[in-house]
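Residues 63 to 280 (the working numbering) are what the sequence shown spells out, left to right.
Using N, Cα and C, we set each Cβ at its ideal position, and we do this for glycine too.
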Amino acid sequence: MYQCLLFDKNIYFSQGIKTALLNSFEEGKDVFYSATDDYGYFLENLKKKVKDDCRMWVFCDLDSLPQERFRALNVIKDVYQHENKKLIIVLSKHNMPLFSTLYTLLPDAHWLLKSEEVKHIKSFFLGLFEKKGNESRFSFSLVNDTRNKLRSGDVNYTISSHEWWLIEELLKGKSLSEISDEVGVNIRRLSYVKRLLMKRLNIKNNIALFEVVKEIIP
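And the structure:
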């Protein structure tokens, strides 16, 4: 028996993924599909143990997580029960600068691009059936886009975990000195991380920084 749960606030994507999923399973298999936009319910399903005669696939849309996404992902990492279960992170193209950081944070997850073509989505699901050991599965366009960025030498493309965390703290309206006092990190170190990011993104002030961030993490 298979249980498939999608955490996503977009009802249209929910219906599309349901159709693609059901078309990927062999006829006669017991498949139960459900969707939710309730973050607490999603976490409960990540925590719970799955019986040996059942397999569970849990899909998580990154943009549907609470606004403090970095913190939410660390919670997911802490509560995720791996046995008989697969976690699939669903990304939009605007999330791609975060991909290497996301993969480092959740190396056991599988990765699906939301704009993936239907034929590649089906291949992705078939690959999940075949997955062995600790291998992660990546959708076709996600691999292709990442490869193209690496080949182009676009070093401005990625945002590190330290940068992401600092951005979320700044978005709360905190100053660097307040963040420094709260976490015990030297303010010069925080200022250096921020300055380096702004230089890499070719932006001059906080307003421009926040506008760029809102495009990546809406």
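Sequence-distant residues of the same chain with beta carbon closer than 7 Å to residue i, five excluded per side
| i | result |
| --- | --- |
| residue 91 | 64 |
| residue 226 | 132, 160 and 163 |
Beta-ladder partner(s) of residue i, from DSSP
| i | result |
| --- | --- |
| residue 64 | 93 and 117 |
| residue 204 | According to DSSP, which records beta bridges pairwise, residue 204 is partnered with nothing at all. |
| residue 98 | 69 |
| residue 150 | 121 and 172 |
Under 9 Å between C-beta atoms of residue i and residue j
| i | j | result |
| --- | --- | --- |
| residue 151 | residue 108 | no |
| residue 174 | residue 201 | yes |
| residue 119 | residue 167 | no |
| residue 149 | residue 98 | no |
| residue 222 | residue 132 | no |
| residue 207 | residue 260 | no |
| residue 275 | residue 229 | yes |
| residue 271 | residue 232 | yes |
| residue 187 | residue 76 | no |
| residue 100 | residue 69 | yes |
Own chain, CB closer than 6 Å to residue i, minus 5 neighbours either side, in chain order
| i | result |
| --- | --- |
| residue 127 | 134 |
| residue 246 | none |
| residue 153 | 124 and 175 |
| residue 204 | 173 and 175 |
| residue 81 | none |
Neighbourhood of residue i by C-beta distance below 8 Å, restricted to the same chain and skipping five residues each side
| i | result |
| --- | --- |
| residue 145 | 111 and 112 |
| residue 190 | 119, 148, 150, 172 and 199 |
| residue 143 | 108, 109, 110, 111 and 112 |
Per-residue burial, residue i [other beta carbons within 10 Å of its own, 16 or more giving buried]
| i | result |
| --- | --- |
| residue 73 | exposed |
| residue 94 | exposed |
| residue 258 | exposed |
Per-residue DSSP class, three states only, for residue i
| i | result |
| --- | --- |
| residue 236 | coil |
| residue 247 | coil |
| residue 110 | coil |
| residue 273 | helix |
| residue 224 | helix |
Beta carbon proximity, residue i to chain B, threshold 9 Å
| i | result |
| --- | --- |
| residue 111 | Here chain B cannot be found, since the structure has a single protein chain. |
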